[in-house]
Amino acid sequence: MGEVVLLLGLLLLSAFFSGAETALVSLSRARADALVDDSRPGARALQRLKAEPSKMLVAILIGNNVVNISASALATVIATREFGSIGPGIAVGLLTIVILIFGEITPKSLATRYSERISLAVAPPILLLTYITQPVNRIFDAFGLGAAQRVGSGNDDPIVTETELLHMASYGEEEGTIDENEKELIERAFVFGDLSVADVMSPRHKVFSLPEGLSVSEVMDALVDSPYSRIPLHGDDPDEITGVFHVRDLLKAIAANQTNLPVSELSRPPYFVPENQSLTDTIAALRRERHHLAVVVDEHGVMEGIVTLEDLMEELVGEIYDESDIAPQDIIAHGSDSVTIEGASEIRVLEEFFDRELSNKPTDSVSKWILEHTQRIPQNGEEFTLDGLFLRVLRANPRRINAVLVKRIADPQAELDLR
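Numbered continuously in numbering that gives the first Met the number 0, the sequence shown closes out at residue 418.
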């Protein structure tokens with residue numbers, strides 16, 4: 000009877016080690032650190048195990064193999080005593096099935112589903128086992144594992160990748176851990192690092208600048224309807240930016256009765272950035288040099304446009320409107336059969352306007368509905384039909400569709416293939 004109880008105990012230990020291995024390997028190191036921050040019981044032990052995964056695995060494998068071999072030997076002894084010469088065969092057959100079902104499949108399935116809870120529970124005893132198996136670990140380090148680590152040095156896989164973080168943000172939104180705005184901010188932060196200044200700058204033909212030879216009073220007349228606080232100055236060539244002044248300095252000059260002062264004396268030298276410079280480097284440079292505006296130039300030093308801190312911040316948080324800005328409306332109706340709509344608008348707004356359900360809509364935004372069909376970002380002015388509606392792209396850039404004109408058509412035929 001005592002041998003049977005011992006055998007059951009060994010089988011339970013086999014299940015324990017199998018489940019512990021799956022749970023501990025499944026849980027990320029980042030999650031273990033977060034559990035420590037939350038002061039969860041067992042989190043400290045878990046963190047130490049995740050910091051040295053090879054020692055953890057060696058300890059678990061030693062424990063699991065010891066109990067499985069012991070269980071096999073004990074089962075063979077019991078079966079031989081009960082069934083004679085055929086006992087070993089019976090023991091091997093039955094024990095294989097029992098270990099497979101109750102020592103491997105069942106505990107591993109539970110550990111996969113409840114990896115966090117099980118990891119916290121098993122971490123302290125497994126950590127203790129790593130201390131007990133320390134001599135064996137040293138042997139492995141000296142031979143097998145040590146050689147493997149030397150061969151693979153510098154090629155370790157990252158703990159977490161950008162793609163995994165983006166998926167985690169999506170899962171977090173689905174579970175309610177983070178809201179939609181937080182998820183969008185995370186996604187924008189990753190896109191931010193992939194963009195260059197040329198992607199977000201105001202192009203040369205849209206740059207508002209003034210001649211450097213104007214006086215303070217002349218500049219004031221020119222700025223009556225200007226919404227800008229920092230103004231570039233140019234020389235004889237409008238593309239030759241020679242300085243940048245702040246309206247605040249202009250007001251100080253007026254208060255000091257210096258209306259005849261050349262505005263160039265109030266300016267500071269322009270800050271130039273190459274058009275292929277990343278947004279991450281640009282925002283760091285603007286902060287370091289204490290500039291809010293930079294002139295974007297190509298490889299020949301020719302001005303391509305300007306970029307401001309506000310332009311960079313809008314790539315992270317979306318459009319920023321101050322008191323003088325007029326925020327664009329999501330939808331502008333042109334009668335009952337035509338509408339201008341923002342790309343970020345919910346697709347249900349379009350459905351409600353035309354009183355119809357759009358087919359094959361994969362997401363809740365107009366731009367993503369279009370992208371699902373086109374598989375690319377259409378250019379400004381491009382026209383096509385979708386779901387019996389005529390569409391013309393009004394505003395788009397290489398990264399997103401900003402505004403679209405949508406019209407009802409009486410006889411929708413084959414849609415243009417934009418793929």
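Don't be surprised by glycine CBs; every beta carbon is placed ideally from N, CA and C.
Give the straight-line distance between the Cα atoms of residue i and residue j, rounded to the nearest whole angstrom.
| i | j | result |
| --- | --- | --- |
| Phe244 | Asn396 | 29 Å |
| Glu181 | Pro261 | 47 Å |
| Leu60 | Leu12 | 12 Å |
| Val338 | Leu213 | 44 Å |
| Val24 | Thr132 | 19 Å |
| Arg229 | Ile305 | 11 Å |
| Glu81 | Ala29 | 52 Å |
| Leu164 | Gly171 | 10 Å |
| Val199 | Thr281 | 11 Å |
| Pro377 | Arg203 | 23 Å |
| Ala168 | Val190 | 14 Å |
| Glu381 | Arg394 | 10 Å |
| Pro123 | Arg187 | 40 Å |
| Gln374 | Arg391 | 16 Å |
| Leu128 | Arg112 | 24 Å |
| Asp36 | Ala221 | 57 Å |
| Asn67 | Lys107 | 16 Å |
| Glu341 | Arg398 | 14 Å |
| Pro210 | Glu264 | 13 Å |
| Pro361 | Met312 | Residue confidence is low: Pro361 scores 47 on pLDDT, short of 50, so the model does not pin down where it sits. Its coordinate-derived value is still stated next. Cα-Cα distance, rounded: 29 Å. |
| Glu174 | Glu161 | 20 Å |
| Gly62 | Phe16 | 7 Å |
| Ser366 | Glu356 | 16 Å |
| Ile177 | Ser69 | 49 Å |
| Asn401 | Met219 | 34 Å |
| Lys406 | Trp368 | 16 Å |
| Leu249 | Pro231 | 13 Å |
| Asn379 | Ala22 | 52 Å |
Using the three-state DSSP reduction, which class does residue i fall into: helix, strand or coil?
| i | result |
| --- | --- |
| Val135 | helix |
| His372 | helix |
| Ala90 | helix |
| Ile330 | strand |
| Gly8 | helix |
| Asn401 | strand |
| Ser216 | helix |
| Val316 | helix |
| Val294 | strand |
| Ile305 | strand |
| Val159 | coil |
| Ser201 | strand |
| Arg289 | coil |
| Ala284 | helix |
| Ile185 | helix |
| Glu179 | helix |
| Glu172 | helix |
| His166 | helix |
| Phe2 | A quick correction: the sequence has Glu, not Phe, at residue 2. Note: Glu2 maps to helix in three-state DSSP. |
| Leu425 | The structure shown does not extend to residue 425, since the chain is modelled only from 0 to 418, so the question has no answer here. |
| Leu426 | Residue 426 lies beyond the residue range present for the chain, which begins at 0 and ends at 418; the question has no answer from this structure. |
| Phe383 | strand |
Looking only at its chain, what residues have a beta carbon closer than 7 Å to the beta carbon of residue i, apart from the 5 residues adjacent to it on each side?
| i | result |
| --- | --- |
| Ile325 | Reliability of the predicted coordinates at Ile325 is poor, the pLDDT of 47 falling under 50, and the value obtained from them is presented with this limitation in mind. Result list for Ile325: empty, nothing under 7 Å. |
| Thr79 | Gly86 and Pro87 |
| Tyr227 | Phe207 |
| Phe139 | Val57 |
| Lys49 | Arg28 and Ala31 |
Check the C-beta distance from residue i over to residue j and give it rounded, since I have them as a contact under 8 Å.
| i | j | result |
| --- | --- | --- |
| Val121 | Ala19 | 4 Å |
| Val196 | Val316 | No, Val196 and Val316 are not in contact; Cβ-Cβ is about 18 Å, not under 8 Å. |
| Leu7 | Glu115 | Contact flag wrong, Cβ pair sits at about 28 Å. |
| Pro268 | Gly242 | 6 Å |
| Thr258 | Val215 | 5 Å |
| Glu430 | Leu285 | Look at the range of the chain in this structure, 0 to 418, and you will see that residue 430 is not part of it. |
| Ala343 | Ser364 | 6 Å |
| Leu5 | Leu73 | 6 Å |
| Met55 | Ile125 | 6 Å |
| Ala14 | Thr105 | 7 Å |
| Leu10 | Val97 | 7 Å |
Please work out which residues of its chain come closer than 8 Å, Cβ to Cβ, to residue i, disregarding the five sequence neighbours upstream and downstream, and give them in chain order.
| i | result |
| --- | --- |
| Leu119 | Leu34, Arg39, Pro40, Gly41, Ala42 and Leu45 |
| Lys205 | Gly304 |
| Ser225 | Phe207 |
| Ala252 | Val215, Thr258, Leu260 and Leu265 |
| Ile408 | Thr384, Gly387, Leu388 and Phe389 |
| Glu51 | Thr129 |
| Glu288 | Tyr270 |
Spatial neighbours of residue i within its chain, please: CB distance less than 6 Å, with the 5 preceding and 5 following residues excluded, ordered by chain position.
| i | result |
| --- | --- |
| Ile77 | Glu2 |
| Val348 | Ile330 |
Practice item. With a floor of 3 residues, list each beta strand (DSSP E) that falls wholly inside the segment 237-281, ordered by position along the chain. Key: 240-245 and 271-273
Exercise for review: At 4 residues or longer, and completely inside the segment 60-128: list those alpha helix (DSSP H) runs for me, N to C.
Suggested key: 86-97 and 105-112
Point to revise | Sequence ranges, alpha helix (DSSP H) only - wholly within the segment 14-61, length at least 4 | key: 28-36 and 42-50
Point to revise | Any alpha helix (DSSP H) of 4 or more consecutive residues that is wholly inside the segment 335-366 | key: 346-353
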